[in-house]
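Everything in the sequence shown is counted per our numbering, starting at 504 for the first residue and increasing by one.
Each residue gets a CB set at the ideal place from its N, CA and C atoms; glycine is no exception.
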Amino acid sequence: MGLNHAVITVVNRDDLPDSGASHYRKCLEAVRERTPEVTLELLCSDLAGDHQALHDLLNGLELEVFAHNVECVPRLDSKVRDHRATFEQSIGILKEAKRLRPDILTKSSIMVGLGETDDEITEALQLLKDAGVDLVTIGQYLAPSPKHLAVDRFPEPERYDEWSKQIEDMGFLGWACGPLVRSSYKAGELLAKASARLRTEKE
């Protein structure tokens with residue numbers, strides 16, 4: 504296929520004792536063995552907040568990016584996310600991933616149009632930065648069906664430019680903001696740019 508970067512996404516496996524961590528690891532190791540030249544990004548669940556499972560997943564694993572999406576601002580957790588998931592728990596997983604593996608870039612994503620305010624977006628970004636997150640994306644929420652949560656707003660493209668500038672000023676290594684941006688949007692390019700920034704900072 505000629506890939507140079509692959510994003511491995513998961514489904515929640517809260518039915519398993521380790522929330523699927525061992526299976527995710529086996530999948531990543533298999534991909535690495537077959538395509539050692541491909542950089543890998545794991546878009547992971549919150550592992551039910553289990554830090555031991557996270558340790559077992561990341562310990563010694565060859566991985567370039569660990570991603571987990573907070574999805575929305577903290578106030579909207581109960582409205583948007585499954586009751587088992589919270590912003591605080593997600594931040595805890597991202598922070599612990601960076602503590603365990605400071606050599607791996609961490610990444611998260613926020614959707615807009617769910618009822619948040621611009622100030623709440625800024626606050627959420629700061630919480631991500633404080634947790635050591637390196638890469639962030641912001642994109643437009645689109646309701647999958649009339650039965651789902653209705654879209655609250657459609658920010659103008661200029662607003663995404665303002666968020667990009669804000670993110671840059673906060674010191675994140677990489678970002679992508681736009682109506683059609685999703686967490687894996689141009690993930691390989693985002694990694695390459697972040698890696699280049701890291702090299703520049705070390706010089």
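Two segments are said to touch when three or more pairs of C-beta atoms, one from each, lie closer than 8 Å; by this definition the region 692-701 does not touch the region 648-657. Boundaries of the alpha helix (DSSP H) around Leu-701: 690-705. Within a 10 Å sphere around the beta-carbon of Asn-562 sit fewer than 16 other beta-carbons, which makes this residue exposed.
When the alpha-carbon of Glu-619 is set against those of Leu-630, Ile-607, Gly-595, Pro-658, the nearest one is in Pro-658. Between Val-639 and Gly-677, the C-beta spacing is below 9 Å. Residue pairing for Ala-509: DSSP places it in a beta bridge opposite Leu-543.
Minimum Cα-Cα distance from Leu-506 among the listed residues Glu-544, His-526, Leu-519 corresponds to Glu-544. Membership of Cys-530 in the alpha helix (DSSP H) is indicated by the continuous run 524-537.
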